[in-house]
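Residue numbering for the sequence shown is -29 to -1, 1 to 151, as defined by mature numbering (1 follows the signal peptide of the UniProt record, and there is no 0). The beta-carbon is built from N, C-alpha and C at its ideal position, and this holds for glycine as well. Taking it in order: structure first as structure tokens, then the write-up.
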Amino acid sequence: MSVKSGKSIVFVMICVLAFMLSFSVGVFANESPNMAQVDNIFNIQGSNVVINKNVRLFQDTVVTGDLELRDGELDLDGNELVVTGNLIQKGGKIILNGGKLKVEKNYTIGSEGNYPNAYLIMKNENDYIEVKGSFATYSSNSHIGCLTAGTLEVKGDFFQKVDIKKQNIQATSLQVEHIK
């Protein structure tokens, strides 16, 4: 192999690596059960996923089981995220960013007695959330300016408990559908 072709191969490999690094992490549950923490970003426990840091999807993603967001931002970035179990948001932000979120069971932000620093961001008319179970929020944050467009479709119960701030879920131009 000549030096010239060797340099070309190295250049191509560097370009491919740079291209691969320009993508953000996509979260998906895989086939290996009880996988330990991956790069301190998320854990896959059986088929459940726990997110601890910022994650941006780069493709449509299915989480088989529950998804728990403890901290950081989960940005759908125009992609579809399907959670076959429950979505439990204990903190952080879920930003639809033109994407679709489908939850087969319940979507809960916080819990009774636990009012987290958590946000749901829907600012694009294409933002869409479908919750086949119940939606409950206990967020301690005002959502003024966070829910300005899109559709939130809840097929079960819709529950909001506010302890600290009285403007938890305050939607402007957000279409909320409650279908039983």
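Query raised in the report: Taking Cβ positions, are Asp42 and Gly56 nearer each other than 9 Å?
Result: Taking the sequence shown and counting its residues from 1, one reaches residue 42 at position 71. Taking the sequence shown and counting its residues from 1, one reaches residue 56 at position 85. Contact: no.
Report task. Could you tell me the boundaries of the beta strand (DSSP E) in which Ile65 lies? Result -> Position 94 of the sequence shown holds residue 65. Membership of Ile65 in the beta strand (DSSP E) is indicated by the continuous run Gly63 to Ile66.
Query raised in the report: My guess is that Gly121 and Asn95 are in contact by the Cβ rule of under 8 Å, so how many angstroms apart are they, rounded?
Result: Translated into the one-based positions of the sequence shown, residue 121 becomes position 150. Translated into the one-based positions of the sequence shown, residue 95 becomes position 124. The pair is a contact, with the Cβ atoms about 6 Å apart (cut-off 8 Å).
Query - Element boundaries [beta strand (DSSP E), containing Asp46] - result: For the purposes of this step, residue 46 is taken as residue 75 along the sequence shown, with counting starting at 1. Glu44 to Asp46 is the span of the beta strand (DSSP E), which, as asked, contains Asp46.
Query raised in the report: With 16 other CB atoms within 10 Å as the buried threshold, where does Val(-3) fall?
Result: In the sequence shown, counting from the first residue as 1, residue -3 sits at position 27. Reliability of the predicted coordinates at Val(-3) is poor, the pLDDT of 45 falling under 50, and no value is obtained from them.
Report task. Using the Cα positions of Lys24 and Val33, report the straight-line distance between them to the nearest angstrom. Result -> Position 53 of the sequence shown, counted from the start, is the residue given in the question as residue 24. Position 62 of the sequence shown, counted from the start, is the residue given in the question as residue 33. Rounded to whole angstroms, the separation of the alpha carbons of Val33 and Lys24 is 19 Å.
Requested in this report: Tell me whether Tyr109 sits in a helix, a strand or coil according to DSSP, three-state version.
Outcome: To locate residue 109, count along the sequence shown from 1; it is residue 138. Residue state, collapsed to three classes: coil.
Report task. Assign Gln131 to one of two classes, buried (16 or more other C-beta atoms within 10 Å of its C-beta) or exposed (fewer than that). Result -> By one-based count along the sequence shown, residue 131 stands at place 160. Counting the other CB atoms within 10 Å of its CB gives Gln131 a total below 16, which places it among the exposed residues.
Requested in this report: Leaving aside the five residues before and after Tyr78 along the sequence, list all residues of the same chain whose C-beta is less than 6 Å from its C-beta, in chain order.
Outcome: In the sequence shown, counting from the first residue as 1, residue 78 sits at position 107. So the qualifying residues of the chain are Leu58, Val102 and Phe106.
Requested in this report: Using the Cα positions of Ala(-1) and Phe129, report the straight-line distance between them to the nearest angstrom.
Outcome: On the sequence shown, residue -1 is found 29 positions in, with the first residue counted as 1. On the sequence shown, residue 129 is found 158 positions in, with the first residue counted as 1. Note that Ala(-1) has pLDDT 36, beneath the 50 cutoff, so the model's placement of it is unreliable and no number is given.
**Report entry** Start-to-end residues for the beta strand (DSSP E) that takes in Leu58
**Finding:** Position 87 of the sequence shown holds residue 58. Going by DSSP, Leu58 is part of the beta strand (DSSP E) stretching over Leu58 to Gln60.
**Report entry** Nearest-angstrom Cα separation, counted from Arg27 out to Ile100
**Finding:** As a first step, residue 100 is located in the sequence shown; it is residue number 129 there, counting from the start. As a first step, residue 27 is located in the sequence shown; it is residue number 56 there, counting from the start. Rounded to the nearest angstrom, the two C-alpha atoms are 17 Å apart.
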